[in-house]
Amino acid sequence: MASKKSLHRFLTGVCRARQIRSFGALPEGSASSESSQHLINLEYQCSAHNYHPIPVVFSQAKGSSIWDPEGNKYVDFLSAYSAVNQGHCHPKIMKALVEQAQKLTLSSRAFYNDRFPVFAERLTSMFGYDMVLPMNTGAEGVETALKLARKWGYLKKKIPRDEAIIVSCCGCFHGRTLAAISMSCDNEATRGFWPLLPGHLKVDFGDQAALEKIFKEKGDKIAGFLFEPIQGEAGVIIPPDGYLQAVRDLCSKYNILMIADEIQSGLARSGEMLACDWENVRPDVVILGKALGGGVLPVSAVLADNDVMLCIQPGEHGSTFGGNALASAVAIASLDVIRDERLAERSAQLGEELREQLVKVQQQFPNLIKEVRGKGLFNAVELNSKALSPVTAYDICLRLKERGVLAKPTHDSIIRLTPPLSISLDELHEGSKALQAVLELDLSKMKKEKPDNTTTHAAADACDRCGRNLYAS
């Protein structure tokens with residue numbers, strides 16, 4: 001009897017707590033009927049201000065098309081930072097999601113499930129590695145690779161305790177966790193979060209001689225070299241021809257793990273399955289993410305061979321959700337779509353077409369566009385900030401939105417153009433046409449409307465770490 005009274009008091013307390021917390025305050029189904037501005041205001045009021053989005057609200061998406069709550073249609077030229085390479089809501093991926101969600105979603109790694117082993121076999125065989133360690137976000141994948149490199153360095157390379165070094169590149173972006181920002185040259189990511197982690201050195205991206213110099217000087221204590229084969233957040237920076245092969249040769253020579261962050265550049269984005277494939281080099285460790293989840297779920301993975309991966313023992317690293325059944329089923333479908341629809345080849349072909357279109361725009365406005373660069377559908381337009389001033393790349397993206405194209409700047413003078421790899425040729429043309437129209441028809445008015453003292457990138461000065469302004473234009 002006493003236990004029933006206790007249960008009654010507990011349930012009564014739960015009901016009161018729900019009333020206090022207003023769990024039922026929003027009527028069911030009301031969100032879809034809200035205006036874009038209301039939703040933007042609501043997010044600003046109730047969510048941390050850790051992003052500066054383009055003011056458009058996604059309500060529905062299919063392929064390369066986006067609709068806002070008012071029914072306006074846009075063409076996606078960001079692909080959620082390359083997380084939806086296969087296109088939004090791909091039917092095969094959605095089918096895998098729904099079917100698996102009705103059977104099993106999560107077991108944790110305390111038990112086995114029937115999807116992760118299949119995913120692990122599919123991924124390792126596709127990329128030619130012995131083993132995979134599954135995680136969720138890209139930043140988790142980077143953290144995993146760093147821990148793996150340190151453990152390998154101590155266990156196999158016999159680096160003295162607490163002295164392992166990871167080398168990364170100026171201009172890199174590997175996430176916003178503490179270890180990742182400790183390698184960053186972006187003051188916005190690092191200022192106010194000190195002290196940064198020790199055991200880290202930086203080198204210029206694409207500079208073979210500088211890399212060899214640091215390997216010669218510190219190689220006995222360097223466990224790994226972490227790099228992006230194509231730097232994404234820095235503005236789609238492509239290294240000189242032969243650089244990736246030189247990295248492979250130097251890492252082999254000095255017994256240092258070559259760790260490729262292919263989270264954004266991989267999975268067909270650059271026109272190859274991995275950006276490292278452009279020079280036919282095989283890293284010791286590969287980090288995958290973003291499009292591995294098909295734009296549906298966060299899925300990341302670290303690939304390596306047995307001699308590296310087995311340095312991690314049970315209990316030393318893991319994730320409750322890493323390798324869960326739902327994510328594994330989605331990832332299998334995501335890989336199948338990339339393979340079956342030959343998205344790497346499609347990316348290579350459409351990328352050439354897009355750059356041809358953009359170069360024509362550059363030729364029309366040579367004083368405004370400094371460079372068009374990219375591989376596959378991983379592209380950027382670098383603007384001449386002095387000629388545009390006080391207008392910035394962010395302002396240009398706002399006008400692109402008004403013309404039905406959604407793109408996002410990186411830093412003040414670069415616009416990244418990375419549409420879904422499933423984009424049609426007509427949709428691809430809309431991107432370059434919109435940019436041409438903004439520069440020809442809108443720019444003069446934008447300059448008149450914006451005060452000369454306006455600045456939008458407060459930390460765009462010299463890097464606190466390396467002393468240079470990598471993003472000046």
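Residue 1 is where the sequence shown starts when you use the UniProt record's numbering, and the numbers rise one by one after that. Backbone N, C-alpha and C define an ideal beta-carbon position, used for all residues, glycine too.
What residue range does the alpha helix (DSSP H) around residue i cover?
i, result
"Ser-334", "325-340"
"Lys-213", "208-218"
"Gly-141", "138-155"
"Cys-65", "According to the sequence as given, residue 65 is Ser; it is not Cys. That residue, Ser-65, is in no alpha helix (DSSP H); its beta strand (DSSP E) goes 65-67."
"residue 530", "Examination of residue 530 is not possible in this model, given that the chain is present from 1 through 473 alone."
"Leu-425", "425-437"
"Ile-181", "178-181"
"Lys-386", "385-388"
"Leu-267", "Premise fails: Leu-267 is in no alpha helix (DSSP H) and is neither H nor E."
"Lys-448", "443-449"
"Glu-188", "187-190"
For residue i, list the residues DSSP reports as bridge partners.
i, result
"His-38", "Per DSSP, none; premise fails for His-38."
"Gly-224", "Ile-166, Leu-257"
"Asp-76", "Leu-406"
"Phe-378", "Lys-375"
"Val-361", "The partner list for Val-361 (beta bridge, DSSP) is empty, contrary to what the question assumes."
"Pro-134", "Ala-301"
"His-88", "Gly-63"
"Gln-231", "Ile-237"
"Ile-369", "Leu-383"
Can you say whether residue i is buried or exposed, counting buried as having 16 or more other CB atoms within 10 angstroms of its CB?
i, result
"Val-75", "buried"
"Leu-441", "exposed"
"Met-183", "buried"
"Tyr-51", "exposed"
"Thr-144", "buried"
"His-38", "exposed"
"Lys-445", "exposed"
"Pro-27", "Note that Pro-27 scores a pLDDT of 39, beneath 50, so its modelled location is shaky and nothing firm can be said."
"Asp-395", "buried"
"Cys-463", "buried"
"Ala-31", "Confidence at Ala-31 is low in this model, with a pLDDT of 45, below 50, so the placement of that residue should be treated as unreliable; the coordinate-derived value is given next. Ala-31 comes out exposed."
"Phe-23", "Confidence is the limiting factor: at Phe-23 the pLDDT is only 39, short of 50, which leaves the residue's position unreliable, though a coordinate-based value still follows. By the neighbour-count rule (16 or more Cβ atoms within 10 Å), Phe-23 is not buried but exposed."
"residue 483", "Since the first residue shown for the chain is 1 and the last is 473, residue 483 is missing from the structure and cannot be characterised."
"Thr-410", "buried"
"Gly-242", "exposed"
"Pro-134", "buried"
"Ala-380", "buried"
"Gln-362", "buried"
"Leu-388", "buried"
"Leu-178", "exposed"
"Leu-96", "Reading the sequence as shown, one finds Ala at residue 96 and not Leu. By the 10 Å Cβ count, Ala-96 comes out buried."
"Gln-364", "exposed"
"Phe-193", "exposed"
Please tell me whether residue i and residue j are closer than 8 Å, where the distance is taken between their beta carbons.
i, j, result
"His-200", "Ile-165", "yes"
"Val-84", "Asp-68", "no"
"Ser-265", "Glu-228", "yes"
"Ile-93", "Val-337", "yes"
"Ala-325", "Thr-105", "yes"
"Leu-335", "Arg-122", "yes"
"Leu-196", "Thr-190", "yes"
"Ala-393", "Asp-412", "yes"
"Tyr-81", "Lys-290", "yes"
"Val-405", "Phe-205", "no"
"Leu-303", "Val-285", "yes"
"residue 475", "Leu-148", "Only positions 1 to 473 of the chain appear in this structure, which leaves residue 475 out of reach."
"Thr-418", "Ser-65", "no"
"Ala-268", "Ser-347", "yes"
"Ala-301", "Val-98", "no"
"Cys-172", "Gln-231", "yes"
"Gly-175", "Ala-139", "yes"
"Ile-40", "Cys-397", "no"
"Ile-259", "Ile-222", "no"
"residue 478", "His-88", "Here the chain covers residues 1 to 473 and nothing more, so residue 478 does not appear."
"residue 474", "Gly-295", "Because the chain in this structure spans residues 1 to 473, residue 474 falls outside the shown range and cannot be described."
Go to residue i, then tell me how far its beta strand (DSSP E) extends in each direction, as first and last residue.
i, result
"Arg-304", "First, the amino acid is wrong: residue 304 is Ala here, not Arg. Where Ala-304 is concerned, the enclosing beta strand (DSSP E) stretches over 300-304."
"Lys-62", "60-62"
"Glu-121", "Here Glu-121 belongs to no beta strand (DSSP E); instead the alpha helix (DSSP H) covers 116-127."
"Lys-202", "200-203"
"residue 474", "Residue 474 lies beyond the residue range present for the chain, which begins at 1 and ends at 473; the question has no answer from this structure."
contact_flag[the region 271-278, the region 99-114] where n(CB pairs < 8 Å) is 3 or more: As far as the Cβ criterion goes, the region 271-278 does not touch the region 99-114, which means the pair count is below three.
- prompt: How do the region 424-432 and the region 349-368 stand: do at least 3 beta-carbon pairs fall below 8 Å, yes or no?
  reply: By the criterion of at least three beta-carbon pairs nearer than 8 Å, the region 424-432 is in contact with the region 349-368.
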